[in-house]
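Here is the structure we will look at.
In my numbering, the protein residues as written are 68 to 577.
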C-alpha cells in the first residue's frame, strides 16, 4: 500500500480470497451453524425442495409463491440442493452472504476512488456480528447486494443508460434479499447525490433537479411497486411503531463486533474505534465527501428508526452493520509510511484471525451439543407431529441456540413442527387449515406455562394439545426441569433441551 492507500488489483484480489477462506472455516467445520433462526429457514428449504411430493409434508404445509421480499435463500438454496446435500447448500448461502458483504465494501471503495486498496478488506472484521448470530442471513446478503448496487451507481455515473439497467437489477436483487436492504440502497444513493440535489435547489436549476430526481427514482420504482402489490399484513403487523430507550442506539453500535467473548469483543471494538478516531484526528484517514453524506443519512435514519415496525422487532438493530461497512468503504488512509501501513495492517489481520478462531471454537462446541440432538430427532417416526414448549428465556442468540433446532425434524423425518416460520408477507410457506388449528393449539409459551410452570389456567389446554402430537421438545436457555407425566417417554435429555415421545396409551393427566 502506498501513501495514498492504493494497491494493485491483483494484490487486493489475493488478499480478499485468503481472508474469505479464513472467514469460511467455521462454516466448513460444522453441520448446522449455531445461528438462531437458521435451522428454521433450512427446514423451509427442505419443504420447498420437496415441492409437494411428500404426502407427509403436503398435508401440513402449503407453498405460496409470490413476489415477496426476503426470498433470496428460498430461491438459491433449493437450486443448490439439487446438486449437493441440503445442509451444505445452506452453509454455501451463508458463505455467499459473508462474501457479498466484504465484496460490497471493496467495490464501493474502488468505485468512488477509481483505484484499488487493501484498506476496505477491514470489512472482514465485521462479518461475524450479532445480526448473523440471530440468523438474519437474507438481510446480510442484502447488505452486500446493496453495497454493490451503490458501487454501480457511482462507478457508472458517466454511462446513465447502463447505470439505470445495472442499478435496477441490483435494486431488485436487494429487494428479494430483504426489504430493509433495498431501503438502505435507496437511502445511500440519495445520500451520495445529496450535494448535487442541494446544488440544483440553491441554483434554482429546476430542470436539473427534476432530471436527477428522476434518475435516482427510476431504478428504485420496480421494487417499490412489487412491495406495494405483494405485501399483505401478517400476524402482529398491526402492532404499530415502538421505540426502545434512545441510549440503546449507542450500545447497539457494538453489535457489529459482538460474538462470543465479551471482554475480547469489547477490547477489539474499542481498539478499532480508537484507530479510526486517531486516524481522523491526525489527518491520516480521509472521508469521501459523497459517501460521508450517505453515511450521515443512514446515521440520521438509524437514530430515529423504531425498534418495532410492521410486525418486525429489532428493526433498528440491523443498521449498525451497514454503518460499519459503509464507514470502512468511505475512508482511505493517506500519508502512511510503509512501516506504519504494515503495523496497522498486521494488527488488523491478527485481530481478524483471533476473532475467527474464537468463532471456530464456539461453533465446534455448539456442534458437539447439536449432534446428539439431531440424532434423536432423526429417530422420530416419519411424519411425526413435534410440539415445542419454549421457556421465558428461550429466544436469544448465543453460543449454541436451541430454540429452532426441533425444526430439523422437518428435514430428517418430514415432521410437522408448529414453530416453522409461515408468516404471511415474509415466507412463501403457509399451513393447511387443519394444521394451522393444530399449531394454534400448541403455542410454545402456552405449553411451557401449562406443563413446566404448571399454571392451572393453562394446564388443561396444554394436556389436551399433547393428545394431538407425537413428541414434545422442551427448551430454554436456563436449565429445564424434567417432566414426569405418565405419557412422556424421554428420548434425549440435557439441561436446556428435553425431547419426549408421547405415549397415547398412557394418560397425560387430568
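Don't be surprised by glycine CBs; every beta carbon is placed ideally from N, CA and C. It should be emphasised that the depicted structure is a prediction, and the values quoted were computed from it without experimental measurement.
Residue 382 sits in coil when the DSSP states are folded into three classes, being neither helix nor strand. Check the Cα spacing between residue 162 and each of 231, 348, 97 and 128: the tightest is with 97. Going by DSSP, residue 319 is part of no beta strand (DSSP E) but of the alpha helix (DSSP H) stretching over 315-319. Fewer than three beta-carbon pairs drawn from the stretch 134-141 and the stretch 183-202 are found closer than 8 angstroms, and the two stretches are therefore not classed as touching.
Nearest in C-alpha terms to residue 501, of all of 82, 126 and 89, is 126. Secondary structure of residue 488 (DSSP, three-state): coil. Per DSSP, the continuous beta strand (DSSP E) segment holding residue 455 begins and ends at 453-457.
A straight-line Cα-Cα distance of about 26 angstroms links residue 295 and residue 228. Comparing C-alpha distances from residue 114 to each of 160, 375 and 130 shows the shortest one belongs to 130.
Considered as a whole, the stretch 398-461 harbours 405-445 as its complete alpha helix (DSSP H) runs of no fewer than 4 residues, in chain order. The DSSP-derived three-state label of residue 376 is strand. DSSP places residue 557 in the uninterrupted beta strand (DSSP E) bounded by 555-561.
Taking all protein chains shown into account, residue 420 has fewer than 16 neighbouring C-beta atoms within 10 Å of its C-beta and is therefore exposed.
Put simply, the backbone Cα of residue 316 is about 19 angstroms away from that of residue 199. Per DSSP, residue 260 lies in no alpha helix (DSSP H) segment and is marked neither H nor E. Take residue 82, set aside five residues on each side of it, and the residues of its chain with a beta-carbon closer than 7 angstroms to its own are 185 and 188, in chain order. When rounded, the separation of the alpha-carbon atoms in residue 565 and residue 239 is 43 angstroms. Closest option to residue 322, judged by alpha-carbon separation, among 561, 507 and 332: 332. From the listed residues 396, 103, 424 and 290, the smallest Cα separation to residue 170 is found for 396. Residue 353 sits in a strand when the DSSP states are folded into three classes. Judged by DSSP in its simplified three-state form, residue 184 adopts strand. Following the DSSP letters along the chain, one finds residue 527 inside the alpha helix (DSSP H) bounded by residues 523-533.
In the structure shown, residue 512 falls within a helical segment according to DSSP collapsed to helix, strand and coil.
Taking residue 80 as the centre and dropping the five residues before and after it, the same chain places no C-beta closer than 8 angstroms to its C-beta. The Cβ neighbour count for residue 93, taken over all protein chains shown within 10 Å, is at least 16; the residue is labelled buried.
Contact between the stretch 141-155 and the stretch 106-120 is present: three or more C-beta pairs spanning the two stretches fall below 8 angstroms.
Across the set 312, 468, 399 and 355, the C-alpha of 468 shows the shortest separation from the C-alpha of residue 433. Taking the CA atoms as reference points, residue 214 sits about 24 angstroms from residue 318.
With respect to the 8 angstroms criterion, residue 320 and residue 387 are classified as neighbours on the basis of their beta carbons.
In the DSSP annotation of this structure, the continuous segment of the alpha helix (DSSP H) that includes residue 475 starts and ends at 475-480. DSSP, reduced to helix, strand and coil, places residue 463 outside both helices and strands of the structure shown, so it counts as coil. Shown here, residue 565 sits in a strand according to DSSP, grouped into three states.
Residue pairing by DSSP places residue 128 opposite 498 in a beta bridge.
When DSSP states are grouped into helix, strand and coil, residue 203 belongs to the coil group. When the Cα atoms are used, residue 423 and residue 430 turn out to be separated by approximately 10 angstroms. Of the residues 246, 308 and 276, the one whose Cα lies closest to the Cα of residue 298 is 246.
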